[in-house]
Amino acid sequence: MNHEYRDGPKPKVPADIVGPELERIWKKNGEQLTPPAVVAEARPKAAVLHPCFEWDNKAAADAHRLWQARVLIRSVRIVNPEEAGSTRPQFVSVDTAYGTKAPSNRTYQHSSVLPDRPGEYMSALAEAQARLAQAAEAFSDLQRLAPGDHSDINMHKIGLIIEALNTAKKLAERLQ
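So in my numbering the end of the sequence shown lands on 1190, straight run, no missing numbers.
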């Protein structure tokens, strides 16, 4: 069986090695795979997955705090008091170099200034388009993994969701 990584950062160990190792850990743990089990198996220096993790506790702690900061920044929304239930993010992740030849420069921008910064707005739009593609992929994966003959009503609904997400993706692509 061949393995590959999905889009995004790639670990230091090839997917064709990681995939079987994760399956081994899954089997060892009663057909359940949890992050603590993976970390425990990766801890020995000779372990196949060891290079996939940061083992310097200070560096790992700093990286964790950066992740916590990202979660914190993304979690705050501004409430519109004039429209019940209407909110918008306070900050949006953007690449200030989007559309230029400059190196990528990711930052969080206050949502109130995005309309006045076309490059940053387009960066946020590209990120939203990527999330649409990820959602469509997740439902397609579920459809492929479903048991049975795929004729039940839920499969039909999942098919409609995939169709709607693909339509939304096509429309979003026209925004650029």
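Yeah, the Cβ is synthetic: ideal placement off N, Cα and C, and Gly gets one too. Computed from a predicted structure; not experimentally measured.
Reduced DSSP secondary structure (H/G/I, E/B, other) of GLN1046:
Here residue 1046 is taken as the residue at index 32 of the sequence shown, counted from 1. Looking at GLN1046 - three-state DSSP - the assignment turns out to be coil, as it is neither helix nor strand.
Since ARG1120 sits in a beta bridge, which residues does DSSP pair it with?
Translated into the one-based positions of the sequence shown, residue 1120 becomes position 106. According to DSSP, ARG1120 bridges with ASP1109.
Exposed or buried, which one is ASP1109 when buried takes at least 16 other CB atoms within 10 Å?
By one-based count along the sequence shown, residue 1109 stands at place 95. Buried, since its Cβ has 16 or more Cβ neighbours within 10 Å.
If contact is defined by three or more beta carbon pairs under 8 angstroms, each pair taking one atom from either stretch, is the segment 1126–1136 in contact with the segment 1153–1168?
Output reads no: the segment 1126–1136 does not touch the segment 1153–1168.
Extent of the continuous alpha helix (DSSP H) run through VAL1085
The residue given as residue 1085 occupies position 71 in the sequence shown. Counted as a single uninterrupted DSSP element, the alpha helix (DSSP H) harbouring VAL1085 occupies residues 1071–1089.
Using DSSP bridges, identify the partner residues of THR1101.
For the purposes of this step, residue 1101 is identified with residue 87 of the sequence shown, where counting begins at 1. VAL1093, per the DSSP bridge assignment.
Using the Cα positions of THR1146 and ILE1175, report the straight-line distance between them to the nearest angstrom.
For the purposes of this step, residue 1146 is taken as residue 132 along the sequence shown, with counting starting at 1. For the purposes of this step, residue 1175 is taken as residue 161 along the sequence shown, with counting starting at 1. It is Leu, not Thr, that sits at residue 1146 in the sequence shown. Roughly 12 angstroms separates the two Cα atoms.
On the CB-based measure, 16 or more other CB atoms within 10 Å of its CB, does ILE1039 come out buried or exposed?
Here residue 1039 refers to the residue found at position 25 of the sequence shown. ILE1039 is buried by the Cβ-count criterion.
Taking the CB atoms as reference points, tell me whether ALA1138 and ASN1180 lie closer together than 7 angstroms.
If you number the sequence shown from 1, residue 1138 lands on position 124. If you number the sequence shown from 1, residue 1180 lands on position 166. Not in contact: ALA1138 and ASN1180 (Cβ atoms no closer than 7 angstroms).
Would you give the residue range spanned by the alpha helix (DSSP H) that PRO1161 belongs to?
As a position in the sequence shown, residue 1161 is number 147, starting the count at 1. That residue, PRO1161, is in no alpha helix (DSSP H); it is neither H nor E in DSSP.
Rank PRO1050, ALA1111 and ALA1144 by C-alpha distance to the C-alpha of ALA1182 and give the top, closest one.
The residue given as residue 1182 occupies position 168 in the sequence shown. Among PRO1050, ALA1111 and ALA1144, the Cα nearest to that of ALA1182 belongs to ALA1144.
With 16 as the cutoff for other CB atoms within 10 Å, does TYR1112 come out buried or exposed?
The count along the sequence shown starts at 1 and reaches residue 1112 at position 98. With 16 or more other Cβ atoms within 10 Å, it is buried.
Using 8 angstroms for Cβ pairs, my map puts VAL1106 next to LEU1063. What's the rounded Cβ distance?
Position 92 of the sequence shown, counted from the first residue, corresponds to residue 1106. Position 49 of the sequence shown, counted from the first residue, corresponds to residue 1063. VAL1106 to LEU1063, Cβ: 34 angstroms. No contact.
Check for me: the alpha helix (DSSP H) holding THR1114 runs from which residue to which?
As a first step, residue 1114 must be located in the sequence shown, where it is residue number 100. First-last for THR1114: undefined, no H or E at that position.
Assign VAL1052 to buried or exposed, taking buried as 16 or more other Cβ atoms, counted over all protein chains shown, within 10 Å of its Cβ.
Position 38 of the sequence shown, counted from the first residue, corresponds to residue 1052. Buried: at least 16 other Cβ atoms inside 10 Å.
Going by beta-carbon coordinates alone, are ASN1103 and ARG1091 separated by less than 7 angstroms?
In the sequence shown, counting from the first residue as 1, residue 1103 sits at position 89. In the sequence shown, counting from the first residue as 1, residue 1091 sits at position 77. What sits at residue 1103 in the sequence shown is Pro, not Asn. Yes, these two residues count as a Cβ contact at 7 angstroms.
Is it buried or exposed, LEU1128, if we count other Cβ atoms within 10 angstroms and call 16 or more buried?
Here residue 1128 is taken as the residue at index 114 of the sequence shown, counted from 1. LEU1128 is buried by the Cβ-count criterion.
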